[in-house]
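In UniProt numbering, the protein residues as written are 1 to 475.
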């Protein structure tokens, strides 16, 4: 979930969201200062320490795409039909003139032409370019709507996206590198990279993190939100630790009717490669202002769950919405209902997966997890246990989508938090050894104390230390 302004991200609000099912708190470097984001990070960490949660932190980079400025400090601005607005690259010493918007790209006025169509946030607001005066571009609003700070800008000519200039911009800007240094120093769990064009960007960033991080245990998430991302989708996802379907910006670069099929393709590739995938943008957009979602939004959430996405992300609904807790409740209840339907009607389809193991040892782990998941379904067990040092075996088990809860036990807090992004995993930090009997006894005590299991429950356990499957009843 995207954590918004501090009053909304206060400890009580964060705790309510964590109780409601928030696994990962996202901070968006497009907005706010690093000091502001550090305070949010500290509050999440404090909540984890005081209340026993394991909420992970994802830092989302701004990227190098063309976007609007901060609207002079205003939270939003309304553009009405027929109004004339000025998009300018000038630096204003005082307040922005009325109906004026700063643009971050210096060549903006040179690249656009009179007659071009300017889209804000993929078409949430539309303008037509009517005049160019030096660094200023005069535009007429043709499709009214709400302008938000730092919204993405794209311009179209003769029905086609003008993308040559964006293609020349670096994926990671100089500001992004400073933000990445901040994320590394704060020990965030995930860094989401915006507008990824190739696998080389991911590889370079991972090397950069490894050279500067204390433990190099930061996962890199590729945001798929451009034509270039789609062209190189498989190599990008293979290089990354996971992917995000950023439908808002993606819908600004491809026709809207292609977004659903692109989403399904991205989710399927992530499933095939055993990489967690997040579906994001406008899931419950109406709940920014209203306490109930539209039926179309419920259907949209249902489709993402049906496609077997690992995670769903709220953005404006939780960052600036009036009903963040209600939005989370809706997201959770709809997801649970669709997953229940899937288990009843389509359970065996979830097991039809291609092999992802490259080496013999990996293939053994994969087969063990596949067998454990099938056994759990056939025996209708109450829980699956997985003991994993790196998290890999837990991810293999998650990929199988078994019917029962998966309790994942790992020795480090960072791996525990990272497992939050994987479907169905309930992670715990637990010191364990090669003695499975001792591990199981400690696990039984831990989970029984939390009322997560009870005596007589049937459990299947696997471990990446001992390549075996164990079945037992809870004493």
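Note that the Cβ used here is the ideal one computed from N, Cα and C, for glycine as well.
**Request:** Jot down the residue ranges of each uninterrupted alpha helix (DSSP H) in the stretch 82-170, minimum 4 residues, whole runs only, in chain order.
**Result:** 108-111 and 164-168
Exercise. My guess is that residue 55 and residue 16 are in contact by the Cβ rule of under 8 Å, so how many angstroms apart are they, rounded?
Worked result: Actually they are not in contact, since the Cβ atoms of residue 55 and residue 16 sit about 12 Å apart, beyond 8 Å.
Selection from 465, 137, 140 and 434 that minimises the alpha carbon distance to residue 365
465
By DSSP's criteria, residue 202 is part of a beta bridge. Which residues make up the other side? In the DSSP output, where bridge partners are listed per residue, residue 202 has none listed.
* Which of helix, strand or coil does DSSP assign to residue 469? -> strand
Practice problem: To the nearest angstrom, report how far apart residue 111 and residue 127 are at their CA atoms. | Solution: 16 Å
Excluding sequence positions up to five away, which residues of its chain have a Cβ less than 6 Å from the Cβ of residue 231? none
Identify whether residue 461 lies in helix, strand or coil by the three-state DSSP scheme. strand
Does DSSP classify residue 406 as helix, strand or coil? strand
### Task
Can you tell me which of the three DSSP states residue 75 falls into?
coil
*Whose C-beta lies closer than 7 Å to the C-beta of residue 131 among residues of the same chain, with five residues either side of it excluded?*
114 and 138
Exercise. Taking the alpha-carbon positions, what's the residue 469 to residue 148 distance?
Worked result: 53 Å
Check your understanding: Ends of the alpha helix (DSSP H) at residue 196?
Key -> No alpha helix (DSSP H) holds residue 196; DSSP gives it neither H nor E.
*Just checking, does the stretch 323-335 make contact with the stretch 273-291 on the three C-beta pairs under 8 Å criterion?*
yes
*asked:* Distance check for residue 219 and residue 199, CA to CA, integer angstroms please.
replied: 15 Å
Check your understanding: So what's residue 375 in DSSP terms, helix, strand or just coil?
Key -> helix
Rounding to the nearest angstrom, what Cα-Cα distance links residue 61 and residue 222 in this structure? 11 Å
(message) Alpha carbons only, please: which of 52, 152, 328 and 307 is nearest the one belonging to residue 317?
(response) 328
Bridge partners for residue 427 per DSSP, in chain order?
408
In terms of residue numbering, what span does the beta strand (DSSP E) encompassing residue 183 cover? Premise fails: residue 183 lies in the alpha helix (DSSP H), 174-186, not in any beta strand (DSSP E).
Review point. Would you report the Cα separation of residue 424 and residue 442, rounded to the nearest angstrom?
Key: 22 Å
| To the nearest angstrom, how far is it from the Cα of residue 186 to the Cα of residue 260? | 36 Å
* Quick one: what's got a C-beta closer than 7 Å to residue 383's C-beta in the same chain, skipping five residues either side? -> 404, 405, 407, 453, 457 and 459
Between which two residues does the beta strand (DSSP E) containing residue 25 stretch? 24-28
Proximity below 9 Å, CB of residue 312 to CB of residue 305
yes
Report task. Provide the residue(s) that pair with residue 326 in DSSP beta bridges, ordered along the chain. Result -> None; residue 326 has no bridge partner.
Skipping 5 residues on each side, what residues in its chain have a beta carbon closer than 7 Å to that of residue 21? 328 and 332
Check: With distances taken from CA atoms, which of 94, 44, 85 and 108 is nearest residue 100?
Finding: 85
Please name the residue in 81, 190 and 173 whose C-alpha comes closest to that of residue 140.
-> 81
Alpha carbons only, please: which of 42, 65 and 418 is nearest the one belonging to residue 150? 65
Go ahead and label residue 92 buried or exposed: buried means 16 or more other beta carbons lie within 10 angstroms of its beta carbon, across all protein chains shown.
exposed
- Query: With 16 other CB atoms within 10 Å as the buried threshold, where does residue 363 fall?
  - Reply: exposed
Thinking C-alpha only, which one of 208, 307, 53 and 226 is nearest residue 179?
-> 208
### Message
If I follow the unbroken alpha helix (DSSP H) through residue 397, where does it start and stop?
### Response
392-399
**Report entry** Close beta carbons around residue 448, own chain, < 8 Å, minus the five adjacent residues each side
**Finding:** 454, 455 and 474
ask   = Helix, strand or coil for residue 476 per DSSP?
value = What the structure shows of the chain is the stretch from 1 to 475, and residue 476 is not part of that stretch, so it cannot be assessed.
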